[in-house]
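Colleague:
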Amino acid sequence: GATTQVVHSAGRRFIVSPVPESRLKEP
Amino acid sequence: AEDTGVRVELAEEDDGRKASIALKLWVEDPRKLKGKYKDAGAIEFTFDLEKEVPEGVAQEMVESGFFHESDAKIVGKSIRDRVALIKWRRARTPPSA
């Protein structure tokens, strides 16, 4: 899946990727 | 650990040596959050076990737009619980020489 990167002003890097459906709880 | 609706796991295997570890966080149950949550996905980040505090990272996530201000506490707690578990495991199983 596509990943995006967000860099906070303090320098920390957050890498965001889709969560596999199997890891999500049933609604 | 308490079910906060926010899941935090190791993003890589812990070798028990590095102070800086990779963690992955995602929302399992958005109903447990106070603020409106925009589903961004799993957020991977590095955390320094010696220098950083979970609440500080949670605040950075709020500032980066992942969570609402009112959920900083629950996100911080979720990270804190996982970090405590990692530290506990490390204390029990010291790295081999």
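As given, the protein sequences belong to chains A and B, one line each in that order.
The first sequence stops at residue 35 when you use the numbering used here, and every number in between is there.
The second sequence stops at residue 100 when you use the numbering used here, and every number in between is there.
The beta carbon of each residue, even a glycine, is placed where N, CA and C say it ideally should be.
Cβ atoms of R83/B and L26/B: under 9 Å apart, would you say?
Modeller: Not closer than 9 Å, so no.
Colleague: Output, in sequence order along the chain, the residues in the stretch 55 to 73 of chain B whose CB is closer than 9 Å to any CB in chain A.
Modeller: Within the stretch 55 to 73 of chain B, the residues whose Cβ lies closer than 9 Å to some Cβ of chain A are G59, V60, E63, M64, E66, S67, G68, F69, listed in chain order.
Colleague: Give the secondary structure of R83/B by DSSP, where H, G and I count as helix, E and B as strand, and everything else as coil.
Modeller: In the structure shown, R83/B sits in a helix (DSSP, three-state: H, G or I).
Colleague: What residue from K90/B, H71/B, A94/B has the CA that sits closest to P33/B's CA?
Modeller: Ranking the options by Cα distance to P33/B, first place goes to H71/B.
Colleague: Is it right to say T11/A is buried, meaning 16 or more other beta carbons lie within 10 angstroms of its own, or is it exposed?
Modeller: So T11/A ends up on the exposed side.
Colleague: Going along chain A, which residues have a C-beta under 7 Å from A43/B?
Modeller: Neighbours of A43/B on chain A, chain order: V24.
Colleague: For the stretch 24 to 43 of chain B, which residues have a beta carbon sitting closer than 8 Å to at least one beta carbon of chain A?
Modeller: Within the stretch 24 to 43 of chain B, the residues whose Cβ lies closer than 8 Å to some Cβ of chain A are W29, E31, D32, A43, listed in chain order.
Colleague: Mapping the DSSP letters down to three states, classify D32/B as helix, strand or coil.
Modeller: Reduced to three states, the DSSP call for D32/B is coil.
Colleague: Under 9 Å between C-beta atoms, does T7/B make it to chain A?
Modeller: Not an interface residue.
Colleague: What distance in whole Å lies between the Cβ atoms of E63/B and H16/A, which are believed to be in contact at a cut-off of 8 Å?
Modeller: H16/A to E63/B, Cβ: 5 Å. Contact.
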